[in-house]
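Data block below; observations after.
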Amino acid sequence: MAWRSNSTSTRWWYQGTKATDADIGICDPGVGEWGPMTLVDALFGAFALPFMARALIVMLVLAVVAGVVGVLVNLRGLEFISDGLTHAVFPGLAIGLAVGGTAGLVPGAAVAALAAAVVLTWLDRAGITSDAAIAIVLTAMFSVGVIVVSRGDEYASELEALLFGRVLTIPPESVVPLILVCLVAVVAVVVTMKQQLLRAFDRSGSRAVGDSALVLDLVLNAAVALVVVAAASTVGTLLVLALLIVPGAVARLMTERLWWLFPAAAGFAALMAWLGLALGFAGSVAGGVDLPAGSTIVAAFVAGYGIVLLGRWIADRRLATKAGVPQPAGTAAR
Amino acid sequence: MGYFERALVAAIIIGAGTGFVGALVVLRRRTFFAQALTHGTYPGAVAAAAIGVSVPLGAAAASVVLVGVMAGIARIRRQGAQVAAGIVLTGGFAAGAILQSLIPGLPVQAESLLVGSILTVTDGDILLAASIALVAVVTVAVFGKEIAFSTFDQPGFRAAGYREWPIELLVLALTAATVVSALPAVGAILAIALIAAPAAAARLVVPTYRGILLTAPLIGAASGVIGVIASRGLAVAAGPSIALAATGFFVMALVISKVRGLAWKRVPIPVETAEDARTA
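Line by line, the protein sequences are chains A and B.
Using the numbering used here, the first residue of the first sequence is number 589, and each one after it goes up by one.
Using the numbering used here, the first residue of the second sequence is number 91, and each one after it goes up by one.
Now the structure itself:
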């Protein structure tokens, strides 16, 4: 099937980018026709297209950073705060889009996310952790975002793009800002890594050696916020959470060694991001359906988690039967 | 009845119903579970529309299945409830979006499932919400004593020889049904505001169990009406403005309870001197 002739289903890739026919022609493999898609085409050939290459670069950087930050999120049990940040970023994205178009997405989200990181750190320290209160505050933030979007003209399509992302239409000029945002997050975490780990495993020990709990919490929450910013403008606000939570959870299933958690999480995230993008491309071009790439990436993440979970469960079972003792009840809990 | 009047009626009925069941949810500390249920409805609704089953039924079934999966993951070593929730919820959203793109020409709109569209509710939606609210009221009237007992004194409830799971299941089923009935008004993402906010607000200002069960529906219905009217007046989406109205009530209740807690009258601090202690 000629992928260019299938223009009704591929046109949306180019919305927002300034890709022209010449731009596409450069990378066209000469023949102008893609035969029936092979596995190699989907996994490698697809990324010769400039917009697919951009998506892959951004997603790989994002996946590695999200994996590293996600391990700390998992160790510290900050999943709810991350969920809070994803909701809080939404009005920032909406306002940024309303004020500055697609170029305003990253700055708007960054301001909202950093403000939310400070507020959530403060709420956490003040001991306000009633889940009802948090749920109410977050939905309120989300509502503000939806209202801002609903004031615009293209309500439905804009809302869907913000919720489910536009990973294939990342404009070339926002690749560098996105990568910069990711780099700042990873540098902040790596610099404070030793202290963060001490705080994760031994709260009072961390205070006793003189580390400021406030500073450490702020740094980690801000790093999570930055990852959320970068991810929200690519895979969308609803799906960001998967990028942060799944790699950390998978790493915890794969290894017990602390330092192996980080490469395991980052490697898993990068692999799944690549597979997800390829799946989205194959579905859209060979299958002729508009698979949203953000969703296929998250689907790949969740499917990968399912496989690792199953493997772990079987391994645990084997271990238990080999030892000849049923698993004690206490090990079921985390 | 014009579309606006119908939207107002729907807002009143759905607001009252969610407020009532929300009171049980908040008092039993199941907000987090309810949130998972609301998010789980999205893929279910899309799938049900795809295979031609009734959308509310599919939404309810999917949300219950997702909560089951969540409970399963939460029991596995080194994976907590938070991890389980995050994975199941994002997976559910992704599945919903993929399903929607796989099946073109679905009669449902993504954004109306996610943030609601109360101006397009049908009489069937209103009827469903009303009957679910009625069932909830009847259930609480019949089993109110057992529900209250298990909510406020779980060990006592067990010790008195009752089993916990029937009540838990009953409340879970009521919650799922209510979430589904709230979908047309506020959608999957914002439904939790309509469930948690009126009840949390009522709980701050009303001291009794029965009082909360009476006040929360009133606040819910009021949020619905205010939200719909504000949505028309300010030309914004109705679902979020209903959610914001409910949040406004919560903030108001918070302020009232704080102001009430202040010491307004100067009360002499009783000081017992050594002399008093000796003569007493």
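Ideal Cβ placement from N, Cα and C applies to all residues, glycine included.
Residues of the segment 637-665 of chain A with a C-beta atom less than 9 Å from some C-beta of chain B are ASN662, GLY665, listed in chain order. Taking C-alpha positions only, A:LEU808 is separated from B:GLY130 by approximately 29 Å. From the beta-carbon of A:PHE668, the residues of chain B found nearer than 7 Å are GLN172.
Pairwise C-beta distances place the segment 111-130 of chain B in contact with the segment 276-290 of chain B, as three or more of them are shorter than 8 Å. By the C-beta density criterion, A:TRP848 is exposed, having fewer than 16 other C-beta atoms within 10 angstroms. The Cβ of A:PRO880 sits closer than 8 Å to at least one Cβ of chain B. When CB distances to chain B are screened at a threshold of 8 Å, the residues of the segment 892-908 of chain A falling below it are TYR893, LEU897, ARG900, TRP901, ASP904, in chain order. Going by DSSP, A:LYS910 is part of the alpha helix (DSSP H) stretching over 881-911.
If you ignore the 5 residues before and after A:ALA698, its C-beta comes within less than 6 Å of the C-beta of VAL817, all in its own chain and listed in chain order. Collapsing the DSSP output to three states places B:PRO274 in a helix.
Positions of the alpha helix (DSSP H) runs, each at least 4 residues long and wholly inside the segment 671-742 of chain A, are given as 693-713, 719-739 in order along the chain.
Below the 8 Å Cβ cutoff, chain B contributes no neighbours of A:THR709, its closest Cβ being approximately 18 Å away. Cβ contact annotation for B:VAL178 (same chain, cutoff 6 Å, sequence separation greater than five): LEU156, VAL159, MET160, in chain order.
Unbroken alpha helix (DSSP H) runs of no fewer than 4 residues, entirely contained in the segment 780-816 of chain A, are found at 781-789, 791-796, following chain order. Its chain contains ILE216, ALA219, ALA220, ALA223 as the residues whose beta carbon lies nearer than 7 Å to that of B:ILE103, once the 5 sequence neighbours on both sides are disregarded; these appear in chain order. Each residue's CA atom was taken as its position, placing A:THR884 and A:VAL755 some 11 Å apart. A residue is called buried once 16 or more other Cβ atoms fall within 10 Å of its Cβ, and A:MET640 is buried on that count.
A direct Cα-Cα distance of roughly 25 Å separates A:ARG664 from A:ALA887. Within the model, the alpha-carbon separation for A:VAL707 versus A:LEU681 is close to 18 Å. Listed in chain order, the positions of the segment 111-130 of chain B with a beta carbon within less than 8 Å of a beta carbon of chain A are VAL116, ARG119, THR121, PHE122, GLN125. Proximity of B:ALA267 to chain A, defined by a Cβ-Cβ separation below 8 Å, is not satisfied. Taking the beta carbon of B:THR337 as reference, the chain A residues within 9 Å of it are ILE724, VAL725, THR727, ALA728, SER731, listed in sequence order. Residue environment analysis places A:SER872 among the buried positions, since at least 16 neighbouring C-beta atoms fall within 10 angstroms of its C-beta. Between A:PHE730 and B:ILE279 a beta carbon distance of about 6 Å is seen, short of the 8 Å cut, so the two are scored as contacting. By the rule that beta-carbons nearer than 8 Å mark a contact, A:LEU756 does not touch chain B. Bounds of the alpha helix (DSSP H) holding B:GLN244 are 244-249.
Take A:TYR893, set aside five residues on each side of it, and the residues of its chain with a beta-carbon closer than 7 Å to its own are VAL834, ALA837, VAL838, in chain order. Excluding residues up to 5 positions away in sequence, PHE110 lie with their Cβ nearer than 8 Å to the Cβ of B:VAL227 in the same chain. Proximity to A:GLY696 across A:VAL736, A:VAL653, A:TRP710, A:LEU826 peaks at A:VAL736, based on C-alpha coordinates.
In terms of beta-carbon proximity, B:ILE302 stays away from the interface with chain A, with every pair separated by 8 Å or more. Taking a Cβ-Cβ threshold of 8 Å, the residues of chain B close to A:VAL886 are THR180, GLY181, PHE183, ALA184, in chain order.
Note that the C-beta distance between A:PHE678 and A:THR825 is below 8 Å. Not a single CB atom of chain B sits nearer than 8 Å to the CB of A:ILE683.
When Cβ-Cβ separations below 8 Å define contact, A:PHE752 makes contact with chain B.
Residues of the segment 819-835 of chain A whose Cβ lies closer than 7 Å to any Cβ of chain B, in chain order: LEU826, LEU827, LEU829, ALA830, ILE833, VAL834.
In this structure, DSSP gives B:LYS355 a state outside helix and strand, which the three-state scheme calls coil.
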